[in-house]
Amino acid sequence: MADIQLIRELTDAFGPSGFEEEVCRVIYRHTQEFQVSNDAMCNVYMKRKDFSGRKPVVMLDAHLDECGFMVQSIRENGLLNLLTLGGFHLTSLPAHSVMIRNGQGEKIKGIITSKPVHFLRDSERGSQSLDIEELAVDVGACSREEVEQSYGIRPGDPMAPDVSFEYQEKRGICFGKAFDNRLGCACIIETMRELAKDSSLPVDVVGAFAAQEEVGTRGAAVTAQAVKPDLAIVFEGSPADDFYYAAGLAQCVMGKGVQIRHIDKSYISNPVFMEVAHQVGDAMGIPYQDAVRRGGSTDAGKISLEGQAVPVLVLGIPSRYVHSHYNFCAAKDVDAAAAMAAGVIRSLDQETVAKILRKNLMW
0 MADIQLIREL TDAFGPSGFE EEVCRVIYRH TQEFQVSNDA MCNVYMKRKD
50 FSGRKPVVML DAHLDECGFM VQSIRENGLL NLLTLGGFHL TSLPAHSVMI
100 RNGQGEKIKG IITSKPVHFL RDSERGSQSL DIEELAVDVG ACSREEVEQS
150 YGIRPGDPMA PDVSFEYQEK RGICFGKAFD NRLGCACIIE TMRELAKDSS
200 LPVDVVGAFA AQEEVGTRGA AVTAQAVKPD LAIVFEGSPA DDFYYAAGLA
250 QCVMGKGVQI RHIDKSYISN PVFMEVAHQV GDAMGIPYQD AVRRGGSTDA
300 GKISLEGQAV PVLVLGIPSR YVHSHYNFCA AKDVDAAAAM AAGVIRSLDQ
350 ETVAKILRKN LMW
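With numbering that gives the first Met the number 0 as the guide, the letters of the sequence shown map in order to residues 0 to 362.
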């Protein structure tokens, strides 16, 4: 059963791209049984205490950051101009609340606003699009001086969606923000906990929680260099498509298991690694769904280019409305993703690793 309290703390944590410290602290609190460290970028690394350094290394990846905002400037009337950190659809933002964290660490509630309907010209009423310059954040102040002196807000301060986690226990449904990709962070921890039941493993496993994925998969470029994995498994809070495609064509349906991703704009999956996942899922009865994505990207793109190339398995947790304030997911899909990763890792004997690495390709 998914650790709901862990998911609650991870998703409630404030952590837009470049400001992931609070998420790091949540991870540290929940992983005292492992060796945990971080680097200057706020990437977090987690190892079993019996890490040998003599076996093939499998890196478990998930990104720490959530889509958020930054204060770009402060208007004379006290409204905050904002810059997006990550890929929001701007029309989804007005009338929703955010938390601004000032330089003293105080969190201040604000409302994203655009011109109210009462003041729109006829030519503006039919518009279905917005520019970022048309949006602002209201914290209840009346002047720039008040914002700076009373609220302590300055340009460069980060903002994140203001949403609290809820769990419908009867239905097994999670509601909250930042499921892309705090669900993946939870999966790393859950996978490492499951593997801790084994006295030994055929591979060494490193959990790598990457910063700044939403602004260019930057953290993964660093973690891959630091860990130097032979193989990697990337967890992602993947956009559920069950409401947007005809029955039978959706490939990321909430409640139907872990998504195994064949391709997106950043990576083409290693077919042998994919088949290992299929075999594990079938043998263990883990529900999974194959996805061939026209768009999207994950840390797999950067990780796969490290060294002499790293085969990556991308496992998605179907999440509705990612890159917006509010998300839904099914707790059992989190379980399926972690179970798939643990099962795959346990199956990685020397022969299987050699096949995935294509060491026998030429003969």
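Positions of the beta carbon are idealized from the N, C-alpha and C atoms, including for glycine. On a predicted model such as this, the values are computed, not experimentally measured, just so you know.
Please list, in chain order, all residues of the same chain as residue i whose beta carbon is under 6 Å from its beta carbon, the five residues on each side excluded.
| i | result |
| --- | --- |
| Gly-206 | Met-45, Leu-59, Ile-187, Met-191 |
| Glu-305 | Ala-223 |
Is it buried or exposed, residue i, if we count other Cβ atoms within 10 angstroms and call 16 or more buried?
| i | result |
| --- | --- |
| Ile-302 | buried |
| Ala-282 | exposed |
| Gly-31 | Looking at the sequence itself, residue 31 is Gln, so the reference to Gly does not match. Exposed, since its Cβ has fewer than 16 Cβ neighbours within 10 Å. |
| Gly-218 | buried |
| Met-253 | buried |
| Ser-199 | exposed |
| Gln-258 | buried |
| Arg-260 | buried |
| Asn-180 | buried |
| Ala-246 | exposed |
| Ile-267 | exposed |
| Lys-227 | exposed |
| Asp-197 | exposed |
Give me the Cα-Cα distance between residue i and residue j, rounded to the nearest whole angstrom.
| i | j | result |
| --- | --- | --- |
| Asn-434 | Thr-351 | Absent from the model: residue 434. The displayed extent of the chain is 0 to 362, so no value can be given. |
| Leu-84 | Ala-231 | 26 Å |
| Gly-280 | Ala-338 | 9 Å |
| Glu-19 | Glu-8 | 13 Å |
| Cys-173 | Asp-2 | 12 Å |
| Leu-182 | Asp-332 | 10 Å |
| Lys-48 | Lys-176 | 32 Å |
| Asp-11 | Cys-23 | 13 Å |
| Val-35 | Asp-334 | 23 Å |
Here's a check: name, in chain order, each residue in its chain whose Cβ is nearer than 8 Å to the Cβ of residue i, leaving out the five neighbours to either side.
| i | result |
| --- | --- |
| Glu-147 | Ile-73, Arg-153 |
| His-117 | The predicted model places His-117 with a pLDDT of 48, which falls under 50 and marks its position as unreliable, so this point remains unresolved. |
| Gly-52 | Asp-203 |
| Leu-81 | Phe-68, Met-69, Val-70, Gln-71, Ile-111, Ile-131, Leu-134, Ala-135, Val-136, Met-158 |
Among the residues of its own chain, which have a CB less than 7 Å from the CB of residue i, if the five just before and after it don't count?
| i | result |
| --- | --- |
| Leu-129 | Leu-89, Thr-90, Ser-113 |
| Asp-240 | Ala-249, Gln-250, Cys-251 |
Threshold first: 3 residues or longer. Then list the beta strand (DSSP E) segments lying entirely within the region 272 to 319, N to C.
287 to 291, 311 to 318
Could you tell me which uninterrupted beta strand (DSSP E) segments, each at least 3 residues in length, are contained entirely in the region 161 to 247, listed from first to last along the chain?
165 to 167, 172 to 175, 203 to 209, 230 to 238
Stretch-stretch touch, CB-based, cutoff 8 Å, three pairs: the region 131 to 150 with the region 289 to 308
no
I'd like the ranges of any beta strand (DSSP E) spanning at least 3 consecutive residues and lying wholly in the region 51 to 122.
56 to 62, 67 to 73, 79 to 84, 96 to 100, 106 to 112
Counting Cβ pairs, one atom from each stretch, are 3 or more of them under 8 Å apart for the region 270 to 277 and the region 324 to 335?
no
Taking only runs that begin and end inside the region 6 to 37, name each unbroken beta strand (DSSP E) of 3 or more residues, in chain order.
34 to 37
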